[in-house]
Every structure is written in C-alpha cells, then in structure tokens.
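**Q**
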Amino acid sequence: MKITSVNVRKIEKEDSRMRGIASILIDDCFAVHDIRIIEGDKGIFIAMPSRKTATGGYRDIAHPVTPEARKMFEDAILPEYEKVESGITESNEEPQEE
C-alpha cells in the first residue's frame, strides 16, 4: 500500500485546536477525506474521519488498523501540513519516494 497523493487545507480559527484538513489517495484508487490535523498538548497529530453515534460519542469511519499504517499516514500528511503552514509550497503534491 502506498499513499500516492496528499492534499492539505489549512484551517485558521483562533478558538479551535484543528489546524487543517487532509485528503489522501491510496494506490491511486482509494480516497480518504476529512482527516483532521489537530494541535494537542503533545504536538500535532491526525484524527481520522468520524461520525457522531446515537449515544453522543464519536466513531471513526475509516482508520488504520496497525501502528505501521498509522505511521505511514502521519509521515505523509504531517510534513505536507508543515509545508502549507510555513507557506513553502501549495498542497496537493505527490509524496516523495523513499
């Protein structure tokens, strides 16, 4: 599995910990939208798309099931967010090959 495209949109809201929204394309055939980029007490992290349940809680709609997959998402999204945040580049670029 390979993340073939990342698109990050910066969110500028002073009263919110959400810093951006990301979409990714996996293997040029499966898209995941509405991945939130959150500033937490221990730094920036991603939160997968979720919906509110009948009991008032939240449940992820889609999410990585292994630590390796989660790291792959973070390693693709967070550097792209940093570029957008610093104004270095526009988002929607393909991730670099390692």
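Position 69 (the sequence shown) corresponds to 68 in numbering that gives the first Met the number 0; numbering is contiguous.
Glycine included, each C-beta is placed from N, C-alpha and C at the ideal position.
In the DSSP assignment, what residue or residues form a beta bridge with G86?
**A** None; G86 has no bridge partner.
**Q** If you reduce the DSSP assignment to three classes, tell me which class R16 lands in.
**A** coil
**Q** Using alpha carbons as the reference points, say which of V7, M0 and T3 lies closest to E84.
**A** Taking each of V7, M0 and T3 in turn and checking the Cα distance to E84, the smallest one comes out for V7.
**Q** Counting C-beta neighbours from all protein chains within 10 Å, is the total for V64 16 or more, i.e. buried, or is it exposed?
**A** exposed
**Q** Apply the 10 Å Cβ neighbour rule to G39 and answer buried if 16 or more other Cβ atoms are within range, or exposed otherwise.
**A** Taking a 10 Å sphere around the C-beta of G39, we find fewer than 16 other C-beta atoms and assign the residue as exposed.
**Q** Which residues in the same chain as H32 place their Cβ atom closer than 6 Å to its Cβ, once the five residues preceding and following it in sequence are excluded?
**A** Closer than 6 Å at Cβ, skipping near neighbours: S22.
**Q** Can you tell which of A53, D14, K1 and G19 has the C-alpha that lies nearest to the C-alpha of E79?
**A** G19
**Q** Please name the residue, chosen from F72, I87 and K82, that lies closest to T3 on a Cα-to-Cα basis.
**A** F72
**Q** Going residue by residue through the stretch 35 to 88, where are the continuous alpha helix (DSSP H) segments of at least 4 residues, counting only ones entirely within it?
**A** Residue ranges of uninterrupted alpha helix (DSSP H) with 4 or more members, entirely inside the stretch 35 to 88 and ordered along the chain, are 66 to 85.
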